[in-house]
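Down below is the structure, laid out as structure tokens.
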Amino acid sequence: MPDEHRPAITCTTFELPSADGGPPVRGDVRVRQGHRPDAAIVICHGFKGFRRFGFFPNLARAAAMRGFAAVTVDFSRNGIGPDGADTFSAMHRFAEHTHTRNLDEIRRVIDVVERGALLHRPVRRIGLFGHSRGGGEAVLAAAADPRVKALVTWAAIARVDRWTPEQVATWKAGGTVQIENARTRQMMPIGPGYWRDLDANRERLDILAAAARVAVPWLIVHGDADPSVPVDEGRELFEAAGERAELLVVEGADHGFNARHPYAGATPELRVAAEATLEWFGAHLD
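Position 125 (the sequence shown) corresponds to 782 in the numbering used here; numbering is contiguous.
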């Protein structure tokens, strides 16, 4: 990927007001200076992620250099405060996050991209990218929204119900489950509303069933050394998907393709994933 400090890319921050009085959806739009993109890529982070985490800004810059508008998104309940810093200062909001809220927010971002509210011109060729849980949610969104014309997922989950019996029992009793963030050492709360949302929307949140309905070109990228989401989940998605899907297994790549936060440059594994991703969108959004 290009050096993150290269000029020629403009980055504009946006906010979409919440429909329920909560925090807004925030994001960054990157475009090449002087260029009016005809295609956009919406980039979705995963669990305990955010739009400026690790490789996301550099991937967005690389996409913008290729002529796309790259839209990186912070889901409203991801726990990041309004300053966009890389520590979680809004834990009470993180406790409120749900999968269906994230899906609704992906749809809203696609809405404003399509209408031209973000890019000052309507954009009809829209690609969707998601990492980890964001990859699973991108599959669900792409299966349901015909405006998505191409899909790429990295280290995507194949199912949302990944919790222990003890955690589920805590939620059913009305309690809050605490998950440690290994990077920041913060304990991140997940309230019972998360489980109620999952349990009430199992059909909508069935990622493998959605994979079979994805009708657009889909590149599934997964590292074979991923300890967080095993590569077998990528293979499950590929087996469930139709003939328009391709699977790229990156040898030696972990969950973040061996890149770290703060970002210190692209690893060989990240370069493989990024180049394949940009080529995929280039081939299927032109």
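Ideal Cβ positions, reconstructed from N, Cα and C, are used throughout, including at glycine.
Source: prediction; values computed, not measured.
- When secondary structure is reduced to three states using DSSP, ASP685 falls in the strand class.
- The shortest C-alpha to C-alpha distance from ALA930 to any of HIS918, LEU942, ALA921 and HIS912 is the one to HIS912.
- The closest CA to that of ILE836, considering only PHE671, ILE847 and GLU672, is found on ILE847.
- With a cut-off of 8 Å on Cβ pairs, the stretch 908–922 is in contact with the stretch 712–721, counting three or more such pairs.
- Judged by DSSP in its simplified three-state form, LEU855 adopts helix.
- Taken atom to atom, the span from the alpha-carbon of VAL728 to that of VAL682 is near 12 Å.
- The stretch 883–893 and the stretch 801–814 touch, with no fewer than 3 CB-CB distances between them shorter than 8 Å.
- PRO694 sits buried, since 16 or more C-beta atoms from the chains shown fall within 10 Å of its C-beta.
- If you look at THR810, you'll find it in the beta strand (DSSP E) that goes 805–811.
- The shortest CA-to-CA distance from ARG816 to any of THR833, LEU797 and PHE671 is the one to LEU797.
- Rounded to the nearest angstrom, the Cβ distance from ARG718 to GLY684 is 15 Å, too far for a contact under 8 Å.
- DSSP places VAL796 inside the alpha helix (DSSP H), whose first and last residues are 790–801.
- Scanning the stretch 819–867 from its first residue to its last, the whole beta strand (DSSP E) runs of 3-plus residues come out as 834–837 and 844–847.
- The stretch 767–784 and the stretch 859–869 do not touch, with fewer than three beta-carbon pairs separated by less than 8 Å.
- Put simply, the backbone Cα of TRP828 is about 16 Å away from that of HIS756.
- GLU753 has its alpha-carbon roughly 18 Å from the corresponding atom of VAL730.
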